[in-house]
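Single-structure report; data block below.
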Amino acid sequence: MRQIETKGGKRWRCIKSIEATKKGRVEREAFGRQVSAINKAEAQARIRIRANPERSVTGK
Numbered sequence: 008m009r010q011i012e013t014k015g016g017k018r019w020r021c022i023k024s025i026e027a028t029k030k031g032r033v034e035r036e037a038f039g040r041q042v043s044a045i046n047k048a049e050a051q052a053r054i055r056i057r058a059n060p061e062r063s064v065t066g067k
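According to this note's numbering, the sequence shown holds residues 8 to 67 in order.
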């Protein structure tokens, strides 16, 4: 992670995200879709764990 100065102030960005901005539009959009899919999968997993807390403890 690196801190980047933007118009709205300082923001933290991952290095892969910074590198993606230097590539072409197609590659940049593909990277964004991939990261969005990963974030969505992680969020859905957290929702499932919260909905079934006993399953995460017992492993069944």
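All C-beta atoms, glycine included, are put in the ideal place defined by N, C-alpha and C.
Check                                                                                                                       : Outcome
Could you compute how far the alpha carbon of arginine 40 sits from the alpha carbon of glutamate 61?                       : 33 Å
If you run the structure through DSSP and keep just helix, strand and coil, what is glycine 16?                             : strand
Quick one: what's got a C-beta closer than 8 Å to lysine 17's C-beta in the same chain, skipping five residues either side? : Gln10, Ile11
Among Met8, Thr13, Ala50, which residue has its Cα nearest to the Cα of cysteine 21?                                        : Met8
Strictly by DSSP, which residues pair up with isoleucine 25?                                                                : Note: isoleucine 25 sits in no beta bridge, so no partner.
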